[in-house]
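Participant: Taking my numbering, I'd label the letters of the sequence shown as residues 888 to 1350.
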Amino acid sequence: MIIRVKDVLLLNPPGDKQYIRDFHCSFSSKADYYWPSPDLVVLSGLLDEAFRVGVMDAILDKISAGACLERILRGRYGAVIFTTGTATLKSDLALAAALKAARPETKIVASAGILKFEGRRLLAGHPALDACLTDYADPELEAYLRGERGRPLRGLIYRNGGGFVASEGTPEREFTVPVPRHDLFAFRKFRNPVARRLPFTVVVTSIGCPYRCGFCAAGAWGYRTRPVDNILPELRFLGRLGVKEILFLDPTLTVGAGRVIELCRSMVSEGLRFTWSGNADVRTLTEEKVSWMKKAGCHTVFLGIESGDDGLLKRYGKPVTADRARRTVDLLNRHGLRTLGYFILGLPGETRDMALKTIALARSLKLDIASFAFATPDIGTPLREEAMARGWIPPDLDVWDSTERPLINSGDMTPREVEKLRRRAVRSFYLRPSYVLRKLLQARSAADFVRLASNALALLKKK
Ligand code: SF4
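1. Applying the 10 Å Cβ sphere with the 16-neighbour rule, what's the burial state of residue 945?
2. Compute the distance between the beta-carbons of residue 956 and residue 927, then report whether it is under 8 Å.
3. Buried or exposed for residue 967, going by 16 or more other Cβ atoms inside 10 Å?
4. Between which residues of its own chain and residue 1153 is the CB-CB distance below 7 Å, once the five residues before and five after are set aside?
5. Taking the Cβ atom as the reference point for each residue, do residue 1316 and residue 1250 lie within a distance shorter than 8 Å?
6. Kindly list the residues whose CB is nearer than 8 Å to the CB of residue 1163, restricted to its own chain and excluding five residues on each side of it in sequence; keep chain order.
7. Apply the 10 Å Cβ neighbour rule to residue 1173 and answer buried if 16 or more other Cβ atoms are within range, or exposed otherwise.
8. May I ask which residues mark the beginning and end of the beta strand (DSSP E) holding residue 1241?
9. Using a threshold of 8 Å, state whether the C-beta atoms of residue 1195 and residue 1253 are closer than that.
10. By Cβ distance, which residues of its chain are closer than 8 Å to residue 1065, with the 5 residues on each side in sequence left out?
11. Buried or exposed: where does residue 1237 fall if 16 or more other Cβ atoms within 10 Å of its Cβ makes it buried?
12. Is it true that the segment 1036-1055 meets the segment 1092-1099, where meeting means three or more beta-carbon pairs spaced less than 8 Å apart?
13. Use the C-beta contact count for residue 1145: other C-beta atoms within 10 angstroms, 16 or more gives buried, fewer gives exposed.
14. Whole-angstrom Cβ separation of residue 1003 and residue 1108, contact assumed at under 8 Å?
15. Does DSSP put residue 902 in a helix, a strand or coil?
16. Taking the Cβ atom as the reference point for each residue, do residue 1262 and residue 1232 lie within a distance shorter than 8 Å?
17. Any chance the CB of residue 1139 is under 7 Å from a heavy atom of the ligand SF4?
18. Pick out the complete beta strand (DSSP E) segments inside the segment 1022-1071, 3 residues or longer, and give them in chain order.
19. On a CA-only basis, which of 1235, 1275, 1128 and 1264 is nearest residue 1070? Give me that one, please.
20. Are the CB atoms of residue 1000 and residue 1101 nearer to each other than 8 Å?
21. Where does residue 1296 sit, in a helix, a strand or coil, going by DSSP?
22. With distances taken between CB atoms, is the gap from residue 951 to residue 970 smaller than 8 Å?
23. Heavy atom of the ligand SF4 less than 7 Å from the Cβ of residue 1098, yes or no?
24. Of the choices 1299, 898, 1035 and 911, whose alpha-carbon is the least far from that of residue 995?
25. Does the beta-carbon of residue 1323 have 16 or more other beta-carbons within 10 angstroms, so that it is buried, or is it exposed?
26. Expressed to the nearest angstrom, what Euclidean distance is found between the alpha-carbon atoms of residue 1084 and residue 962?
27. Excluding the 5 residues flanking residue 1125 on each side, which residues of the same chain have their C-beta closer than 8 Å to its C-beta?
28. Would you say residue 1105 touches the ligand SF4, meaning its beta carbon is less than 7 Å from a heavy atom?
29. Per DSSP, what kind of secondary structure is residue 1179 in: helix, strand or coil?
30. How big is the Cα-Cα spacing for residue 1113 and residue 1286?
What follows is the structure in structure tokens.
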């Protein structure tokens, strides 16, 4: 029987920690930051014409699993689309099962980057799920919710009869979406210690990444971009809502020769005066790009530097060198942009000496912030395949919080050694007298200083 769906709930499910579900990855946040899931943001615009859309953020509003279920049942939604990820898969599926048991006619759809690889398996093992969304920007979700089943619908894997129907073909490289309903999200409560101004929220201009770094879920997913003239109406809407700061949540915002320059030029010529930050790959930044980014309000760039050992990065298909990273950080510094460097510890093949090289590189670059993550066997990546084939991870490992502990035991270093090295990395980066002094001098107000200090303490406490 086809049930007509009128009301759709976009749900960020509850959790026992402050989880961030970022479509490509999920983790518990250590410092004081919180932003919405990009898939839910995009879906709010995509479904807005055909349905009454509601948003519930159980993490932000600290709603327990029981209270969340009660509220959903009270809302009488025809469909619930929840965002998920490896950090919370178990509890998210438990909530889906409870909802299905209480109201079987509600369509339940899961959304996450991992579902492109694991969607079928998840549907097979979890009868509460009706569908898995593998591409949140595809408008065919609307047809699915309206009950259409006569043809394979793009962007979804769903039950039909006794089997599953999956998307066919490769989606277009370019996609457009209607303006997301940012007004349905509690953006005044979002927090970002890197932000220069509040309120802030997230905007997505591309999904996935064209590079294929062997350890990265975004690279495994594929790459799709929005044209600039589709992004501008969203920015104008955010301006009217009073949003002042944007986090561009693209895995790599700066890909390509002209797209980010075109975006920045348009922001400048239209007088869209946001302050903003975003992710970049060190290979993609040029003098011209950085200068336009600065003109358009960019103040901080997040760089995937990963390791101080060039050979290790080559092994994982990321031919970025320490020298190139240094030149890029210098370029950004010259233009007055702040930099955050991402580093990974514990990749198979990494020795203690290599990890120490990484820590030394992080300390020697003029970075404002450094983030040291454990290598994780992300679903869909070559790293995961190798880790499974070689028995470096348990074969059924599909739930983890990447910020909690090392998960891969390849024999190059023990997980305990990796944990210790991470602690050492964080302390030696943040507690250097030269770094502390630089940060004190940069604080623009007492409040700024307190914020910086409390975030640093939060990071250190967790190590
Ligand atoms: S460049 Fe960055 S986002 Fe892209 S695949 Fe590599 S690590 Fe992932």
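Think of the CB as a built atom: it goes at the ideal place given N, C-alpha and C, for glycine as much as any other residue.
Facilitator: In short, the structure shows the following:
1. Reading the sequence shown from its first residue, position 58 is the one you call residue 945. By the neighbour-count rule (16 or more Cβ atoms within 10 Å), residue 945 is buried.
2. Stepping through the sequence shown from its first residue, residue 956 is reached at position 69. Stepping through the sequence shown from its first residue, residue 927 is reached at position 40. Residue 956 is not a Cβ neighbour of residue 927, given a cutoff of 8 Å.
3. One-based indexing of the sequence shown puts residue 967 at position 80. Residue 967 should be labelled buried.
4. The residue given as residue 1153 occupies position 266 in the sequence shown. Same-chain partners within the cutoff: 1115 and 1119.
5. By 1-based counting over the sequence shown, the position of residue 1316 is 429. By 1-based counting over the sequence shown, the position of residue 1250 is 363. Cβ distance < 8 Å, so residue 1316 and residue 1250 count as in contact.
6. Taking the sequence shown and counting its residues from 1, one reaches residue 1163 at position 276. Excluding residues within five positions, the ones whose Cβ falls inside 8 Å are 1132, 1133, 1134, 1135, 1183, 1184, 1185 and 1186.
7. As a working mapping, residue 1173 is identified with position 286 in the sequence shown. Of the other Cβ atoms in all chains shown, fewer than 16 fall within 10 Å of the Cβ of residue 1173; this residue is therefore exposed.
8. Within the sequence shown, the letter at position 354 stands for residue 1241. No beta strand (DSSP E) contains residue 1241, which is instead part of the alpha helix (DSSP H) from 1239-1251.
9. For the purposes of this step, residue 1195 is identified with residue 308 of the sequence shown, where counting begins at 1. For the purposes of this step, residue 1253 is identified with residue 366 of the sequence shown, where counting begins at 1. The answer is no: Cβ separation not under 8 Å.
10. Stepping through the sequence shown from its first residue, residue 1065 is reached at position 178. Counting only Cβ-Cβ distances below 8 Å, and skipping sequence neighbours, we find 932, 933, 935 and 936.
11. Within the sequence shown, residue 1237 is the residue found at index 350, counting from 1. By the C-beta density criterion, residue 1237 is buried, having at least 16 other C-beta atoms within 10 angstroms.
12. No contact exists between the segment 1036-1055 and the segment 1092-1099.
13. Here the question's residue 1145 lines up with position 258 in the sequence shown. The residue is exposed, with fewer than 16 neighbouring Cβ atoms inside 10 Å.
14. Here residue 1003 refers to the residue found at position 116 of the sequence shown. Here residue 1108 refers to the residue found at position 221 of the sequence shown. Contact flag correct, Cβ pair sits at about 6 Å.
15. Within the sequence shown, residue 902 is the residue found at index 15, counting from 1. Residue 902: coil per DSSP, three-state reduction.
16. Stepping through the sequence shown from its first residue, residue 1262 is reached at position 375. Stepping through the sequence shown from its first residue, residue 1232 is reached at position 345. Yes, they are a contact pair.
17. Locating residue 1139 in the sequence shown gives position 252, counting from the first residue. Under cutoff, so the answer is yes.
18. For secondary structure counted as the beta strand (DSSP E) over 3 or more consecutive residues, the segment 1022-1071 holds these complete runs in sequence order: 1043-1047 and 1050-1053.
19. The residue you call residue 1070 lines up with position 183 of the sequence shown. That would be 1128, whose Cα lies nearest to the Cα of residue 1070.
20. By 1-based counting over the sequence shown, the position of residue 1000 is 113. By 1-based counting over the sequence shown, the position of residue 1101 is 214. No, the pair does not count as a contact, with Cβ atoms beyond the cut-off.
21. As a first step, residue 1296 must be located in the sequence shown, where it is residue number 409. Three-state result, residue 1296: coil.
22. Translated into the one-based positions of the sequence shown, residue 951 becomes position 64. Translated into the one-based positions of the sequence shown, residue 970 becomes position 83. Their beta carbons are not under 8 Å apart, which means residue 951 does not touch residue 970 by this criterion.
23. Here residue 1098 refers to the residue found at position 211 when the sequence shown is read from its first residue. Result yes, Cβ under 7 Å from the ligand SF4.
24. Here residue 995 is taken as the residue at index 108 of the sequence shown, counted from 1. Comparing alpha carbon positions, the residue from 1299, 898, 1035 and 911 closest to residue 995 is 898.
25. By 1-based counting over the sequence shown, the position of residue 1323 is 436. Counting Cβ neighbours within 10 Å, residue 1323 comes out exposed, since fewer than 16 surround it.
26. In the sequence shown, the residue the question calls residue 1084 occupies position 197. In the sequence shown, the residue the question calls residue 962 occupies position 75. When rounded, the distance between both Cα atoms is 35 Å.
27. Here residue 1125 refers to the residue found at position 238 of the sequence shown. Take residue 1125, set aside five residues on each side of it, and the residues of its chain with a beta-carbon closer than 8 Å to its own are 1069, 1088, 1090, 1133 and 1161, in chain order.
28. For this step, residue 1105 is matched to residue 218 along the sequence shown. In this structure, the C-beta of residue 1105 approaches the ligand SF4 to less than 7 Å from one of its heavy atoms.
29. Translated into positions along the sequence shown, residue 1179 becomes position 292. In the structure shown, residue 1179 sits in a helix (DSSP, three-state: H, G or I).
30. Locating residue 1113 in the sequence shown gives position 226, where the first residue counts as 1. Locating residue 1286 in the sequence shown gives position 399, where the first residue counts as 1. Answer to the nearest angstrom: the Cα atoms are 31 Å apart.
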